[in-house]
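So the sequence shown is numbered by the UniProt record's numbering: it starts at 1 and just counts up by one. Some notes on the structure that comes next.
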Amino acid sequence: MKRVEYNADGNYIAISVEIESQDFSILSIYGPNRDSPNFYHHLRDIQGELNDTFVILGGDWNCVLDPSLDCDGYLHDNNPMARKAIFNMLNDYDLSDPYRVIHANRKGYTWRKLNPLKQARLDYFLVSKELLFFLDFVDIGLGYRTDHSLVQIKFVLNNQSPGRSYWKFNTSLLRDTMYINLVRDVIRKTVSNYVVTPINVKNLETIPKAHLQFRICDSLFLEILLMNIREKSISYSSWRKKELIKKEQKLVDEIESLQVNLTEESVNIMQDKKNLLESIPRQSLEGVLLRVRARWYVVGEKPVISCL
């Protein structure tokens with residue numbers, strides 16, 4: 001990180017960093033609610049001071065770029081002077097709205113207010129047009145415990161293949177009763193295959209260790225046991241992930257279907273489904289954190305910029 005700038009009111013933080021030998025300016029934005037073009041003039045000046053090759057701006061702008069596509073239920077055109085200042089900044093620094101590049105005519109909203117229903121795409125990214133070549137995806141997700149929705153963008157800076165990585169055990173499985181029972185079965189089956197004297201493996205936990213003698217040395221038995229547990233862990237994790245994805249996708253599809261034609265009557269139904277969805281990301285997050293911690297031990301990870 002080469003430089004950091006921010007204002008005391010918390011409306012922006014700007015950092016200048018080097019990624020893959022390229023200079024990036026990354027700015028997180030919280031735009032003023034009032035029609036304030038001066039704020040965006042200041043952002044334009046900051047980009048000039050940082051003078052980096054690539055620019056990524058993202059956040060809650062409190063100002064839409066296209067009222068005809070980005071607003072629903074509004075009676076007035078809000079913040080026209082601020083919008084003009086944003087477009088001037090787009091032209092001055094050759095920036096683009098990647099969401100509109102990919103979804104040219106889609107009506108997608110990131111903020112909602114009820115009674116009466118109002119929706120707008122207030123949260124978005126603006127990036128250097130040169131970065132569009134590296135764009136992997138950009139889309140609007142769902143909101144949790146907030147009236148704003150998640151906006152995701154991902155750039156892949158090169159296409160090099162990742163190096164060989166280690167297997168990372170997902171410790172959250174240790175709280176999964178089904179997985180625990182499967183591992184117990186693996187242990188019983190492995191013991192049964194290599195024990196000298198046949199035993200009732202259903203009561204394996206009660207058998208004294210001195211009575212367990214194997215046809216192979218203990219160290220080799222341990223290696224085989226760990227290999228079998230690893231194989232079962234991988235297959236079960238894969239199955240569980242697929243089931244989780246199916247469950248999540250079903251809820252997401254139902255919520256998105258409700259959002260397309262949202263009415264005051266369907267708001268409560270949508271919120272109930274969002275509450276069900278909330279428990280799923282927590283489970284996924286544990287796996288993400290595990291992979292982040294393990295990443296430093298992996299050779300050749302693909303350089304990726306992910307912004308939420």
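Backbone N, C-alpha and C fix where the C-beta goes; we use that ideal spot for every residue, glycine too. As the structure is a computational prediction, the values presented were derived from the model and not from experiment.
A direct Cα-to-Cα measurement between Asp52 and Leu27 gives close to 12 Å.
Rounded to whole angstroms, the gap between the alpha carbons of Met81 and Lys118 is 21 Å.
Beta-bridge annotation (DSSP): Arg100 is not paired with any residue.
According to the DSSP assignment, Gly59 belongs to the beta strand (DSSP E) that extends over 54 to 60. Of Glu20, Met1, His42, the smallest CA-CA separation from Asn11 is found for His42.
If one requires a minimum length of 3 residues, the beta strand (DSSP E) runs lying completely within the stretch 130 to 202 are 135 to 140, 151 to 156, in chain order. DSSP places Ser128 in the uninterrupted beta strand (DSSP E) bounded by 123 to 128. Contact between Ile153 and Phe125 holds: their C-beta atoms lie close to 5 Å from each other, under 8 Å. Per the Cβ contact rule, the stretch 91 to 109 is in contact with the stretch 133 to 144 (3 or more Cβ pairs under 8 Å). The stretch 142 to 158 makes no contact with the stretch 62 to 69; the number of CB pairs closer than 8 Å stays below 3. By alpha-carbon distance to Val127, the top candidate from Ala120, Glu49, Asp94, Thr110 is Asp94.
Per DSSP, the unbroken alpha helix (DSSP H) holding Ser219 starts and ends at 218 to 260. A buried status is given to Leu131, since no fewer than 16 other beta-carbon atoms sit within 10 Å of its beta-carbon. Counted as a single uninterrupted DSSP element, the beta strand (DSSP E) harbouring Ile13 occupies residues 12 to 19.
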